[in-house]
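> Sharing a structure below in structure tokens format, with a few things to ask.
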Amino acid sequence: MSKTYFLNELADSISSQKTFSIAQLADAIGGKIYGADDYKSPNGFTGIFETLNEAVEGDIVIRHWINGKGVEIANDKNVACIITLTPKEDALEMASKLAFPVIVVDRIEFANAFALKWTIDNLSPNTQRVVISGTNGKSTSSHLIYHILNHCGYNVFTNTDAKSEFNTLIDPMVAKLISEQVISKQDFDVRKLDSVADLKNLDSEGKPINKGAFDYIVVEVSEVQGWGSDLMKDHAQIMSSAINPDVGVVTNVAMDHIGLVNNIEEVFHETSGLVKAINKGGVVLNYDDENVLAMKDLANDGVDIFFTSMEKDSILNNDYDNDKKVYFDRKSNAIVYDNKNILRYDELPFTGEHFIRNILSAISACISLEIPIEDICEGVKTYNPLSRRFTRLYDEPIVIDDFAHNPDGIKNTVRAAYDLAEQFDKGDLYIACAIRGSRGETLNGLNSEALALVIKELRHRNDDDIEKDENVKKREIYLILSSSCDLVDHLNYVEDFERGYISFSNLDKEHIKYIHFNKLYGALGYIMKKCIWKMMLYC
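So in full-length UniProt numbering, the last one in the sequence shown is 539, and the numbering has no gaps at all.
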């Protein structure tokens, strides 16, 4: 097999170098230089990719757009150069006037991918790397992997937080965060070095002077990414190639980011880029998702494939090695690996089916990293979920808060809440669902269809259970919609057609009754008055 380069051969060759010229940088990321043909800073590039606000002399700034004022600010700071997709207004004129270098690129993600690769290769070159992608479950899976490794005592980085602010990789924030965390752990002023890449040097005893290199880097990568209405094609593959993962995890493939992608085949193509980018180690695939399972055929030679499943009979009915399977056995109510029960249901940090899938993925990733199984299990037991991931806010009534925002996520979350109501013998289920403002016709249509489908499904399930056993409790499901105009800004304002023509009409067509509130505060207040001793779900 011929060698696969990251962006191109030049980008590969200079990504591990301490220094490179501005011409080499521009060629590597497909850019054109304006204003000056060398770095502005007298000592060249410091080795830090930054935002304009926090950049200092010698840093490289990456921005989607820049105007003349921004160029002036960068020039005053003696920033090495600016990389941008869109020079606005008088940006290039100001660059020429000040003899300040601005690199204009056709694809800003190439610049961010290069920044990420250079930062990892130079500040934490020996780290093992894990990349997680997929439509749903990325944040929980990556944060759980991070927790397991951290619980084992390793120095671990992750870009995942409750708000999923840095998982898009559309700016230099992840490279910036890695730099900041590595630098913060040094016992000297790193800025006094010619370049932060000098942290790779050895001290007088032959030991690395870098005291902050990570043992593991766990990065969540958006499966589909865009800027405005433009798709950043092959985003997952580009970013994963930059990271060069030892383990990749694909959670699922489902419709989201409507407008950037328009069918499941396009989602598959974008998401599968992670699998294509892995050239060593292992890849973890969701056996129960036919699209994810199909990615096994895209795996590169020498890459181990791990499978996860909620269906024991299905996953065992194949020729794959048992030490590459992690599944949930409903009969024994336990997670199984290598034909052994390793975690009981009551030991899990959350018990919704879609969250158990995330646990299976995290366990598999850590097995691929050769973490001892007993340490993995202890990490799972001690995990505290991210906020807004099926977070239990109150017990009486039970109030669940979840980040569900696309059709599959909504269905999974509502099912999990209903299961919880059954488990604790609660009464009715109230669903508070926010309409997604400024997301257009298609996504809100799919979300409302998902709500109708899962509500009808659960009502039928309750009726069937009552028919089999007259002692089963009749459980009503009430739907409360909100436009959340008391919380959202103009970018997320719910348009009339999103509310009425799309969301309301789809529910009306399926004969699903609902109540709508313009303000989320009103919707939640109404439910809390109604559902004492019952159960509420907010998504």
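Beta carbons are placed, not taken as given, at the ideal position from N, Cα and C, and that holds for glycine. Small disclaimer: the values here were computed from a predicted structure and weren't measured.
1. If you measure between the beta carbons of Val336 and Val284, is that distance less than 8 Å?
2. According to DSSP, is Ala213 helix, strand or coil?
3. Just the Cα atoms here: how many angstroms apart are Ala362 and Ile217?
4. Drop a sphere of 10 angstroms on the beta-carbon of Lys280, count the other beta-carbons inside from all chains shown, and report buried for 16 or more, exposed for fewer.
5. What residues match up with Asp234 in a beta bridge as DSSP calls it?
6. Rounding to the nearest angstrom, what Cα-Cα distance links Trp65 and Thr84 in this structure?
7. Please give the ranges of any alpha helix (DSSP H) in the segment 113 to 195, keeping only runs that are unbroken, at least 4 residues long and fully inside the region.
8. Thinking C-alpha only, which one of Asp171, Gln186, Phe355, Gly282 is nearest Gly226?
9. Between the Cα of Phe355 and the Cα atoms of Ile398, Glu290, Thr308, Gln24, which residue gives the shortest distance?
10. Is the shortest distance between the beta-carbon of Asp59 and the beta-carbons of chain C less than 8 Å?
11. Could you name the residues of the same chain whose beta carbon sits closer than 7 Å to that of Phe268, not counting the 5 residues immediately before and after it, in chain order?
12. Which residue marks the beginning of the alpha helix (DSSP H) containing Val102, and which one marks its end?
13. So, under 8 Å CB-CB, Leu479 and Ile431 are touching, yes? Tell me the CB distance rounded to an integer number of Å.
14. So Ile178 and Ile243 are supposed to be a Cβ contact under 8 Å. How far apart are they, rounded?
15. Using 8 Å as the Cβ pair cut-off and three pairs as the minimum, do the segment 68 to 78 and the segment 135 to 142 touch?
16. Between Lys296 and Ile305, what straight-line distance do the alpha-carbon atoms span, to the nearest angstrom?
17. Give the range of the alpha helix (DSSP H) segment to which Asn339 is assigned.
18. If you draw a straight line from the C-alpha of Ser505 to the C-alpha of Ala23, how long is it?
19. Would you mind stating whether Ile145 and Val130 have Cβ atoms separated by less than 8 Å?
20. Taking only three categories from DSSP, how would you classify Asn444?
21. Quick one: grab the DSSP three-state call for residue 621.
22. CB Lys77 to CB Val56, shorter than 8 Å?
23. Take Ile183 and list the residues in its own chain whose beta-carbon comes closer than 6 Å to its own, dropping the five residues that flank it on each side.
24. Among Asp27, Asn384, Asp463, Ser16, which one has its Cα closest to the Cα of Glu476?
25. For a test of the three-state rule: what should DSSP assign to Phe328, helix, strand or coil?
26. Tell me which residues share the same chain as Asp323 and place their Cβ nearer than 7 Å to its Cβ, disregarding the 5 neighbours each side in the sequence.
27. Please confirm whether Val221 and Met239 have their CB atoms less than 8 Å apart.
28. Any chance the segment 409 to 428 sits against the segment 369 to 376, with 3 or more Cβ pairs inside 8 Å?
29. Between which two residues does the beta strand (DSSP E) harbouring Ile376 extend?
30. Across which residues does DSSP place Ala434 in a beta bridge pair?
31. Ends of the alpha helix (DSSP H) at Gly409?
32. Residues in its own chain within less than 6 Å of Ala452 by CB, not counting five upstream and five downstream?
33. If you measure between the beta carbons of Val102 and Ile82, is that distance less than 8 Å?
34. My output table needs one value for Cys531: the three-state DSSP class, helix, strand or coil.
35. Tell me which same chain residues have a C-beta within less than 6 Å of the C-beta of Tyr327, skipping the five on either side of it?
This is what the structure holds:
1. No; because the gap between Cβ atoms is not below 8 Å, this pair is not in contact.
2. Looking at Ala213 - three-state DSSP - the assignment turns out to be coil, as it is neither helix nor strand.
3. Taking the straight line from one Cα to the other gives about 14 Å.
4. By the neighbour-count criterion, in which 16 or more other beta carbons inside 10 Å mark a residue as buried, Lys280 falls on the exposed side.
5. When beta bridges are read from the DSSP output, Asp234 appears opposite no residue.
6. Whole-angstrom Cα-Cα distance: 6 Å.
7. Those alpha helix (DSSP H) runs which fall completely within the segment 113 to 195 and span 4+ residues are 138 to 151, 173 to 184.
8. Just measuring C-alpha positions, the residue of Asp171, Gln186, Phe355, Gly282 sitting nearest Gly226 is Asp171.
9. The alpha carbon of Phe355 has as its nearest neighbour, out of Ile398, Glu290, Thr308, Gln24, the alpha carbon of Thr308.
10. Structure shown: chain C not included; a single protein chain is present.
11. Only residues of its own chain outside the window of five on either side were considered, and among them Val253, Asn291 have a CB closer than 7 Å to the CB of Phe268, listed in chain order.
12. The continuous stretches of alpha helix (DSSP H) do not include Val102, which lies in the beta strand (DSSP E) extending over residues 102 to 105.
13. Between Ile431 and Leu479 the Cβ distance is about 5 Å, and since that is below 8 Å, they are a contact.
14. Actually they are not in contact, since the Cβ atoms of Ile178 and Ile243 sit about 11 Å apart, beyond 8 Å.
15. Contact check between the segment 68 to 78 and the segment 135 to 142: fewer than three CB pairs, one atom from each, fall below 8 Å, which does not count as touching.
16. Those two C-alpha atoms are separated by around 7 Å.
17. Where Asn339 is concerned, there is no enclosing alpha helix (DSSP H), given that its DSSP letter is neither H nor E.
18. Between the C-alpha atoms of Ser505 and Ala23 there is a straight-line separation of about 57 Å.
19. Between Ile145 and Val130, the C-beta gap is smaller than 8 Å, which places the two residues in contact.
20. Residue state, collapsed to three classes: helix.
21. Nothing about residue 621 can be read from this structure; the chain reaches only from 1 to 539.
22. Taking C-beta atoms as the reference points, Lys77 and Val56 count as a pair closer than 8 Å.
23. Val190.
24. Minimum Cα distance to Glu476 is reached at Asp463.
25. For Phe328, the three-state secondary structure derived from DSSP is strand.
26. Residues Asp338 of the same chain have their beta carbon placed closer than 7 Å to that of Asp323, with the five preceding and five following residues left out of the count.
27. Here Val221 is near Met239, since their CB atoms are less than 8 Å apart.
28. No: the two stretches stay apart, fewer than three of their Cβ pairs being nearer than 8 Å.
29. Careful: Ile376 lies outside any beta strand (DSSP E), inside the alpha helix (DSSP H) at 373 to 381.
30. Paired residue(s): Ser482.
31. Where Gly409 is concerned, the enclosing alpha helix (DSSP H) stretches over 407 to 423.
32. Here the set comprises Leu507, Glu510, Ile512.
33. Here Val102 is near Ile82, since their CB atoms are less than 8 Å apart.
34. DSSP places Cys531 outside both helix and strand once states are collapsed to three, so it counts as coil.
35. Ser309, Lys312, Ile315, Val336.
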